[in-house]
Amino acid sequence: MVVRHVVEATNVGDDGYVIDAFRIKHGVVRAGKVWDLAGFIDSRTHLNLDFADHRVKECIIVSQFCKYAFVKMRDNGFVFAHVKKESYQHYGFVDIDARRMEWIKRCRL
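Sequential numbering from 7 applies to the sequence shown in our numbering.
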């Protein structure tokens, strides 16, 4: 299973760029459809100029955020929308290890 960054078609401008980068989600795409969806991206990791490890640069365009929604395709594969440079900000250092430990503690509850 490959988790991808996905964006609704209504959030993509005519220029092929994401309009609101805070409205990007994680999703699994299979057989030309959204197979599963998770929450919106975290701007501290995905749109942070100070944290390059998981910066979102492009997203697969989907018809809507729901299971089995169609994915925009061309003959050679997915259609992507790109994130504008001005969508990125300086959010500072991100302690991934501390975040991971907090997540693990929450999952054990």
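Cβ atoms here follow ideal geometry from the backbone N, Cα and C, with glycine treated the same way.
- A residue is called buried once 16 or more other Cβ atoms fall within 10 Å of its Cβ, and E14 is buried on that count.
- Looking only at R105, C72, I102, V89, the smallest Cα-Cα distance to W41 is reached by C72.
- If you draw a straight line from the Cα of R105 to the Cα of N82, it is about 38 Å long.
- Of all C-beta pairs linking the segment 95-111 to the segment 61-69, fewer than three are shorter than 8 Å, placing the two stretches out of contact.
- Comparing alpha carbon positions, the residue from N17, R114, M7, R112 closest to E64 is N17.
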